[in-house]
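For the sequence shown, position 63 matches number 112 in my numbering, and the numbering has no gaps at all.
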Amino acid sequence: MAGLVRKHFSIRPAQDLLLKQRAQVLGVTQSGLIRRAIDLVVRALAQDTFDERSWADELAFMRQRRHPTRGSPAHWQFCRKDLYQ
C-alpha cells in the first residue's frame, strides 16, 4: 500500500451493501471504489463555484425586467388560451 494513507470511518448498513455490490459489479476493491468516489466529489465541488458578480448581474437584469420603464416594449403577459393555439 505504498503512497496510501489508512483511514477509518463508519457507514450505514445500506451504504455497506451498496458499496459491496457496486465494487463487485465493477471488479474493483471497496477501498478503490471509495477513492474514485472521493475524486469525483472533489472535482464536482471544484467546478461548482459561486460567482457573486455574475449573480449580481443576473439579479439586476431580473429586477429590470420585472419593472419595465417608459418607452420600453410592453411586458409579456400570460394568457392561458394562447398556449392552446
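Each residue gets a CB set at the ideal place from its N, CA and C atoms; glycine is no exception.
Contact between the region 70-80 and the region 99-115 (3+ Cβ pairs under 8 Å):
no
Through-space distance from L68 to R84, alpha-carbon basis
Taking the sequence shown and counting its residues from 1, one reaches residue 84 at position 35. Taking the sequence shown and counting its residues from 1, one reaches residue 68 at position 19. When rounded, the distance between both Cα atoms is 12 Å.
Taking the alpha-carbon positions, what's the C3 to R115 distance?
Limits of the chain in this structure are 50 at one end and 134 at the other, which puts residue 3 out of reach.
Skipping 5 residues on each side, what residues in its chain have a beta carbon closer than 8 Å to that of A72?
In the sequence shown, counting from the first residue as 1, residue 72 sits at position 23. Excluding residues within five positions, the ones whose Cβ falls inside 8 Å are T78, Q79, G81 and L82.
Alpha carbon to alpha carbon, how far is F110 from I60? Give it in angstroms, no decimals.
The residue labelled residue 60 in the question sits at position 11 within the sequence shown. The residue labelled residue 110 in the question sits at position 61 within the sequence shown. Answer to the nearest angstrom: the Cα atoms are 45 Å apart.
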